[in-house]
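>
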Amino acid sequence: MRIIIALFIFFLSIKGFSQSGNEIQDLINSSIENHLASIEKLIEKKAIAVDCLDRITIMNNNMADSFKFSEKLQKKYNLIFLNYQNFSRSDLRKGITTLQLYPVVLKGDTMLITIGNVGFSKKGKKTFLSYGSLDTTSKYTYSCDMKQWVLVKIEEKGL
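Numbering of the sequence shown is given in my numbering, commencing with residue 12 and proceeding in unit increments.
(1) Given 8 Å as the limit, is there contact between the stretch 50–60 and the stretch 71–86, that is, 3 or more CB pairs closer than that?
(2) How many angstroms separate the CA atom of residue 140 from the CA atom of residue 92?
(3) Considering only the alpha carbon of each residue, which of 154, 150, 145 lies closest to residue 169?
(4) Examine chain D for any beta-carbon lying closer than 8 Å to the beta-carbon of residue 97, and answer yes or no.
(5) Where residue 161 and residue 50 are concerned, what is the direct C-alpha to C-alpha distance, given to the nearest angstrom?
(6) From the DSSP output, read off the bridge partner residues of residue 161.
(7) Do you know how far the Cα of residue 150 is from the Cα of residue 157?
(8) If you draw a straight line from the C-alpha of residue 84 to the C-alpha of residue 44, how long is it?
(9) Can you check which of these residues, 138, 101, 82, is closest to residue 36 by C-alpha distance?
(10) Quick check on DSSP: helix, strand or coil for residue 73?
(11) Quick check: what's the CA-CA separation for residue 114 versus residue 129?
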């Protein structure tokens, strides 16, 4: 009987962890979508080039290996993870603009997910990163009533 109860608790905990992982992945996808919407606003204002959304490169250094883009994002944008082999040497020397997920901040019932534009260039064996051109922070608050994270505010910094 104890074995059956232990197995039951074990399977419930596995199911709970898989749901929370999917929920965080959904929040990150939503935050990427918020950041790309900010870029689209800048394109409409003619503050940045129109072709910057043709191919969107994302650094995967702060993302789980199992992270997948949502179908909605994949249908709307051409998203790829940064892979040096996808770019010519001259492109890497000139520099490419990538998106990066900054570390997620959790304070009580509030979660802050920031996606930022990062300039990436490579000269020889040295890698150079330049931060700060545009960051979008999505602020989520956990609602106990709805038992889910709710988007409260989108804050844009930079351009």
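Quick reminder that beta carbons are idealized off the backbone N, C-alpha and C, glycines included.
According to the structure shown:
(1) Look at the beta carbons and you see the stretch 50–60 not touching the stretch 71–86: under three pairs across the two are nearer than 8 Å.
(2) Going by the C-alpha atoms only, they are around 16 Å apart.
(3) For residue 169, the closest C-alpha among the options 154, 150, 145 is that of 145.
(4) No chain D is part of this structure, which consists of one protein chain only.
(5) Taking the straight line joining both Cα atoms gives about 22 Å.
(6) BP columns for residue 161 point to 152.
(7) Looking at the two C-alpha atoms, the distance is approximately 17 Å.
(8) Rounded to the nearest whole angstrom, the C-alpha separation of residue 84 and residue 44 is 7 Å.
(9) If we check each option's Cα against that of residue 36, 82 comes out closest.
(10) In this structure, DSSP gives residue 73 a state outside helix and strand, which the three-state scheme calls coil.
(11) Residue 114 and residue 129: Cα-Cα distance of roughly 14 Å.
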